Amino acid sequence: MLILLLARKYARYLRWELLLWTLLLSLQAVLIGREMQHSSYDELSSGMMVQSVLSISVIVMMGVITVQLVQSDPVVGSTAFWMTRPISRAGLFAAKLVFALLTVVGLPMVISGALVAALGAGGGALVPVVLTVFAWQLGVMAIVFFVASVSSGFARFLLAGAVLVAGFSGVVTYVGPPLRDLALRGWNSVTLVDTQSWVLLVLTTALCLVLALYQHVRMNLRRTTGLTVVASLLVLTAFSVWPWDLLGRPGMSVDRGALDPASVTLSLDPPAANIQPRRTFNGEGRQRSALRLFGGFTYAGLPEGVFLEPARVESRLRFGAGPEIVTRGESRMRPWNEREALGSQDLMLHALGDGPWTSLSALQGHGLEPVLAEVPEAAYSQHAREAGAYSAVVALDAYRYARWAEVPLRAGASCRLNPGRAVVRAVSRVLDGYQVVLREATVVNATSARSRMEGQYVLRNRARRQVFFPFAITVPAAWNPMFFPLGNQLRVLHTVLYVRLPGIIDDSWLAGADLVRIEPVYLGQFTAPLRVDDFVLPPAS
Amino acid sequence: MDTAIETDRLTRHFGKVEAVNDLTLSVPDGGVFALIGPNGAGKTTTIKLLMNLLQPTSGRSVLLGTPSRRLDPATLRRVGYVSENQELPLWMTVRQLAAFCQPLYPTWDRALADELRRGFDLPPDRPLRVLSRGMRMKAALLCSLAYRPRVLVLDEPFAGLDPLIREDLVEGMLRLTEQEHWTVFISSNDVDEVEPLADQVGFINNGRLRLAEPVSALLGRFRQIEVTLDSDDPLPASLPPAWLLPEAGSRLLRFVDSAWNEPETDRQIRRLFPTSRQVSSTPMSLKAIFVALARTWRSTAVSKEVL
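Shown next, in the form of structure tokens:
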């Protein structure tokens, strides 16, 4: 009853802003949709300008609506009309939150969902997109909501926001690292910069909403400010010292029909590959504090066609009776192994089926390797030539390549993506070979913890039983608005496939060829143990 | 008689400033209590503490039996509040404001609201932002009267209003309080404007409540006294503490007697001034009493007990 009454009031108060907000969102969605379907690489510049203006307008409008909503019934000061009326403070908070959820969060969700559905994405793509929009909008809204709750007037809101940003930067830069060293002496961890993830978004959202609720109920600005400082310090410090991406834990399941985790064993390959000074993000003085040991894994017992990517490594290294060196490395935000996996042409040939096939390419994929351990400099100097015991628990993402679509090699032909669509725009001869220009419109999940692996195009000539892996260059063909999650999730790519094999691939070879798109299919995640009893640290490179 | 408002050693400091200090007060149910004091005396702070708009540094206040710190919607449905400092939603029209308030109060009397609107001559469909300050105050008053509150708290409601509007408001309030047996707690620094309304009065100065008593008792015990003397005798070294602002000259002694009782005052005058020929006592207006007290407080430290 109260919520409805207040919501009606807010709707009347903000009617023009809401109308403008709806128009901006709709216009942006229409432009993005149009770009996804029709635009070409050459049409970029004009669209970028419009999108830039729209994107900034959308974020400003979102801030304006949230601030006006919260401050229309302010919870600071002692002169607001509502304060002496029979309006419960918690009810007021609930009304504002519900209204913000419906307008600032709900409307973009609906428009995003409609757009993605109109572009042909099924439920599998639609749900993550809508949830991502929800998470982003809610997170930004919660921050603005909180800052507006502890300020009166737009100018003070801006001032409070600036103080918050400065405080955030200060904690990240100056408070987190020393506390991390203090709390995790002997541990090796990644910094806040490394661990940006949805966990931080969720915590920030929850923290902002709880503090906003507290301010609404208690209306004690001094105490709320104190709590904000303490809570922010705790959360940010926790993130500075927390090496884990929490998201990895619940997803520990794998498609048992495709892979039996118990049958998979892993070993180091080579036992120790490469050791380098640790790269940190916290300033010059910290760069020589540890050495990072990079290396790869080899797997036994894998079913044919399945390949693994290390997602996380938790390792323990001990030399004699010395202290245990614990490393927890999260690879999710660092997609180092995609190219390596993509380079496995045997896997892709297997995915083509209907073999055998002869590859005319010589793919050599070698991406970044996971961090096996971080060794403090002092420990490295002491134990460089000594055999130690290395053990690790490795979380592994399992994939299998699948032949996703086939497309004739001619301009205008198209194939389905997962989700989205790719169109062949041109097939042309260049100086030393050929080039195929593709335009791909697809949906990505911006906040997905598991970085999505890209598909791969293979040039296939059935009659000759030959395939060629063209060298691909992909650039974004549509500008993604930075501040609007919908834009971040809908992606238009301009891909050029270069076919250069003079003397073998010529007009007649291409006449009988088609393009096959191969995409990795995620099978799930599992953990596998690893133990090396005579582990010797390699020489530093 | 039940108590509508009660404060017990209520204190509020802003840093080193003592806005309200040790204020103990009891306002019985029914009638009009006027809290009078100069600007910065602590009237608004007292009311804000009462309405839970501020937290006390110490002490407590109770409104309709509910501690102010725990004022809930159920209690606020029986309390009306109008303040010169209140920020109304200026984008609303008078009609919209009333429509917004109506569902909040089960006792909202639509007929009374319409009557008040007509009586106050409020344009229903013009946004508050284009209305004058007086009109806005009337709109606020409408939204605080239409549900027939048991207690009406008014913080400087007439400040800055032109006399005509002030007259309208005073008349309207007088009529309603007589009809409805409401308790009205009104603060003002203008004694004239509350004199026609008040049954009881409290004087506050520098955050301290100097006195609180029925207006009739106050008017009864204060007199302007003039004593004609036979000779220019000097004033005695000590006068009764209840005699305020004594002035002597040209065989005339003037003072304000704050504890006037005709036979007793006469007896004291005869004792201290045996040559006195004539004594005249003039009743004082509430404003004259307030001015006399304010001057006394400013010039000397007169204890509360004396007054």
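So the sequence lines, in the order shown, correspond to chains A and B.
Counting in this note's numbering, the first sequence runs from 1 upward without gaps.
Counting in this note's numbering, the second sequence runs from 1 upward without gaps.
The beta-carbon is built from N, C-alpha and C at its ideal position, and this holds for glycine as well.
Nothing here was measured: the structure is a model prediction, and the numbers come from that model.
Min CB distance residue i to chain B below 8 angstroms
i, result
"A:Leu213", "no"
"A:Tyr13", "yes"
"A:Ser149", "no"
"A:Ile87", "yes"
"A:Ala80", "yes"
"A:Lys9", "yes"
"A:Leu5", "yes"
"A:Met83", "yes"
Proximal residues to residue i (C-beta, below 7 angstroms), its chain only, five neighbours per side dropped
i, result
"B:Pro124", "Thr93, Val94, Arg95 and Arg117"
"B:Gly134", "Leu161, Asp162 and Ile165"
Check whether residue i and residue j have beta carbons under 8 angstroms apart
i, j, result
"A:Leu497", "A:Pro470", "yes"
"B:Arg78", "B:Leu64", "yes"
"B:Gly119", "B:Gly172", "yes"
"B:Val27", "B:Ile5", "yes"
"A:Gly388", "A:Arg316", "no"
"B:Leu54", "B:Lys43", "no"
"B:Val215", "B:Gln200", "yes"
"B:Pro157", "B:Val82", "yes"
"A:Leu131", "A:Thr205", "no"
"B:Leu244", "B:Ala292", "yes"
"A:Val163", "A:Val67", "no"
Boundaries (first-last residue) of the beta strand (DSSP E) holding residue i
i, result
"B:Gln55", "Neither: B:Gln55 is in no beta strand (DSSP E) and is coded neither H nor E."
"A:Ser253", "Careful: A:Ser253 lies outside any beta strand (DSSP E) and carries neither H nor E."
"B:Leu229", "Arg223 to Leu229"
"B:Ser132", "Segment: none, B:Ser132 is in no beta strand (DSSP E) and carries neither H nor E."
"B:Asp2", "Element bounds for B:Asp2: n/a, residue is neither H nor E."
"A:Tyr13", "Where A:Tyr13 is concerned, there is no enclosing beta strand (DSSP E), although the alpha helix (DSSP H) it sits in stretches over Leu2 to Tyr13."
"A:Arg421", "Gly420 to Val430"
Span of the alpha helix (DSSP H) around residue i
i, result
"A:Arg385", "A:Arg385 -> no alpha helix (DSSP H), and no H or E assigned at all."
"A:Val264", "No alpha helix (DSSP H) holds A:Val264; DSSP gives it neither H nor E."
"A:His350", "Gln345 to Leu352"
"A:Gly161", "Phe154 to Gly170"
"B:Thr311", "Given that chain B is displayed from residue 1 to residue 307, the structure contains no residue 311 of chain B and the question cannot be resolved."
"A:Leu92", "Arg89 to Ala100"
"A:Trp509", "Asp507 to Ala511"
Residues near residue i by beta carbon distance below 8 angstroms, same chain, minus five either side
i, result
"A:Val521", "Tyr399, Arg400, Tyr401 and Ala402"
"B:Pro127", "Leu90, Trp91, Met92 and Thr93"
"B:Glu262", "Ser281"
"A:Tyr557", "Here chain A has residues from 1 to 541 only, and residue 557 of chain A is not among them."
"A:Ala463", "Gly512"
Residues near residue i by beta carbon distance below 6 angstroms, same chain, minus five either side
i, result
"B:Ser61", "Thr7, Leu10, Leu49, Leu50 and Ser68"
"B:Asn205", "Gly37, Ala41 and Trp297"
"A:Ser253", "Gly524"
"A:Ala441", "Met36, Gly420, Arg421 and Val492"
"A:Gly283", "Caution applies to A:Gly283, whose pLDDT of 41 falls short of 50 and renders its modelled position unreliable; the value that the coordinates give is listed next. Here the set comprises nothing."
"A:Gly285", "Residue placement at A:Gly285 cannot be trusted, given a pLDDT of 44 that sits under 50; what the coordinates show is reported in the next sentence. Excluding positions up to five away in sequence, the list is empty."
"B:Arg208", "Asn21"
"A:Leu246", "Residue placement at A:Leu246 cannot be trusted, given a pLDDT of 44 that sits under 50; the coordinates are not used to answer."
"A:Ser391", "Arg316 and Arg531"
For residue j and residue i, believed in contact at Cβ under 8 angstroms, the rounded distance
i, j, result
"B:Thr282", "B:Leu229", "At roughly 18 angstroms, the Cβ-Cβ gap does not stay under 8 angstroms, so B:Thr282 and B:Leu229 are not in contact."
"A:Met141", "A:Val105", "6 angstroms"
"B:Ala248", "B:Ala259", "Contact flag wrong, Cβ pair sits at about 20 angstroms."
"A:Val516", "A:Glu406", "5 angstroms"
"A:Pro86", "B:Leu104", "5 angstroms"
"A:Leu291", "A:Glu377", "6 angstroms"
"A:Leu211", "A:Leu227", "6 angstroms"
Interface flag, residue i vs chain A, CB-CB below 8 angstroms
i, result
"B:Glu87", "yes"
"B:Arg69", "no"
"B:Phe222", "no"
"B:Lys16", "no"
"B:Arg319", "The first residue shown for chain B is 1 and the last is 307, placing residue 319 of chain B beyond what the model contains."
"B:Pro127", "no"
"B:Phe120", "no"
"B:Lys43", "no"
"B:Met51", "yes"
"B:Trp91", "yes"
"B:Leu54", "yes"
Check: residue i C-beta below 7 angstroms from any heavy atom of the ligand MN
i, result
"B:Arg210", "Of the ligands one can find in the structure shown there are none, so the ligand MN has no counterpart to examine."
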